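Notes to accompany the following structure.
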Amino acid sequence: MIVRKSKVEIEKMRLAGQVVADVHKELRDKIRPGMTTFDLDRMAEERIRKAGATPTFKGYQVGPEVFPATLCVSINEEVVHGIPNRERVLEEGSIISIDCGATLDGYVGDSAITLAIGRVSEELELLMERTRGSLYAAIAQSMPGNRIGDISYAVESFVRPFEYGVVEDYCGHGVGRRLHEEPQIPNIGVPNTGRRLKSGWCLAIEPMINLGTHETILLEDGWTVITADRKASSHFEHSIAVTDDGPIILTSRGDDPPGPWTLGTSPMV
Numbered sequence: 483m484i485v486r487k488s489k490v491e492i493e494k495m496r497l498a499g500q501v502v503a504d505v506h507k508e509l510r511d512k513i514r515p516g517m518t519t520f521d522l523d524r525m526a527e528e529r530i531r532k533a534g535a536t537p538t539f540k541g542y543q544v545g546p547e548v549f550p551a552t553l554c555v556s557i558n559e560e561v562v563h564g565i566p567n568r569e570r571v572l573e574e575g576s577i578i579s580i581d582c583g584a585t586l587d588g589y590v591g592d593s594a595i596t597l598a599i600g601r602v603s604e605e606l607e608l609l610m611e612r613t614r615g616s617l618y619a620a621i622a623q624s625m626p627g628n629r630i631g632d633i634s635y636a637v638e639s640f641v642r643p644f645e646y647g648v649v650e651d652y653c654g655h656g657v658g659r660r661l662h663e664e665p666q667i668p669n670i671g672v673p674n675t676g677r678r679l680k681s682g683w684c685l686a687i688e689p690m691i692n693l694g695t696h697e698t699i700l701l702e703d704g705w706t707v708i709t710a711d712r713k714a715s716s717h718f719e720h721s722i723a724v725t726d727d728g729p730i731i732l733t734s735r736g737d738d739p740p741g742p743w744t745l746g747t748s749p750m751v
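So the sequence shown is residues 483 to 751, counted in my numbering.
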């Protein structure tokens with residue numbers, strides 16, 4: 483069942499989303515070659531708890547596997563769900579996806595960004611830029627009356643001209659009191675298919691785009707997903723609310739491009 487959120491609930495989700503946005507802004511400003519992924523995770527957890535929230539991912543369980551960290555930190559060929567550790571050192575020229583969730587007053591904010599570590603190649607810069615662009619193309623389709631397939635097709639059609647691989651094994655999702663709610667939001671699809679969007683739906687839209695094949699491999703740690711051809715991957719995500727006035731970007735960091743959306747950087751009610 484897809485749970486429609488009230489205006490009060492959407493405001494609570496916005497507040498949770500802004501905790502996540504603040505984490506991303508801090509890490510974006512501080513990230514440097516030579517840091518470890520554990521350093522990033524520690525800073526994120528401190529920021530979340532200082533805001534009165536809790537890390538959503540830490541202790542999250544899928545089957546027998548329990549995620550041990552605050553962030554999912556995925557570097558280069560790692561697509562999603564990389565586990566931070568003290569030995570993984572950030573190297574100049576790499577790209578890093580930082581996926582963060584925070585729970586505040588019973589509601590979840592979920593967002594991901596991909597950042598350059600120092601200077602990176604033009605190929606990687608374009609991959610990040612185009613993945614981010616596909617996210618906003620999808621958000622623009624998040625209007626009442628449109629269908630899930632319209633969101634999915636927006637991602638796929640934005641990046642297909644560049645011959646990238648669009649990850650099919652993992653997708654976006656509903657979000658609210660739980661991290662993963664209905665519906666699923668694939669990154670490939672056919673326009674005018676799937677459920678019709680309704681005002682009050684809250685969605686986490688998250689394109690995962692690869693330089694090479696769309697195929698992925700799950701590593702033995704039970705979490706880390708890598709590209710099958712070991713080429714780089716980029717990942718961007720926002721939590722959004724579908725409303726009659728257009729989408730609200732609940733996890734906005736204030737750096738979003740102009741579009742038919744409202745930034746969740748200010749109170750909604």
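Note that CB positions come from ideal geometry on N, CA and C, so glycine has one too. The structure displayed is predicted, hence computed values, not measured ones.
Classified as buried, Thr-519 has 16 or more neighbouring CB atoms from the shown chains inside 10 Å of its CB. At a cut-off of 3 residues, the continuous stretches assigned as beta strand (DSSP E) that sit fully inside the region 566 to 619 are 577 to 586, 589 to 598. For Leu-679, the secondary structure class from DSSP, reduced to helix, strand or coil, is coil. Thr-613 counts as buried, since at least 16 other C-beta atoms from the protein chains shown sit within 10 angstroms of its C-beta.
Nearest in C-alpha terms to Asp-504, of all of Gly-545, Met-525, Gly-564, is Met-525. Between Ile-530 and Thr-744, the alpha-carbon positions lie close to 24 angstroms from each other.
In the three-state reduction of the DSSP assignment, His-506 falls in the helix class, which pools H, G and I. Restricting attention to Gly-676, Glu-559, Gly-627, Leu-509, the CA atom closest to the CA of Asp-726 is found in Gly-627.
A distance below 8 angstroms separates the beta carbons of Ser-579 and Val-562. If you draw a straight line from the Cα of Val-490 to the Cα of Gly-694, it is about 43 angstroms long. Secondary structure remark: continuous beta strand (DSSP E) runs of at least 3 residues inside the region 647 to 699, in chain order: 654 to 656, 663 to 667, 684 to 687, 690 to 692. By the Cβ test, the region 716 to 726 is in contact with the region 585 to 600, since at least three Cβ pairs between them sit closer than 8 angstroms.
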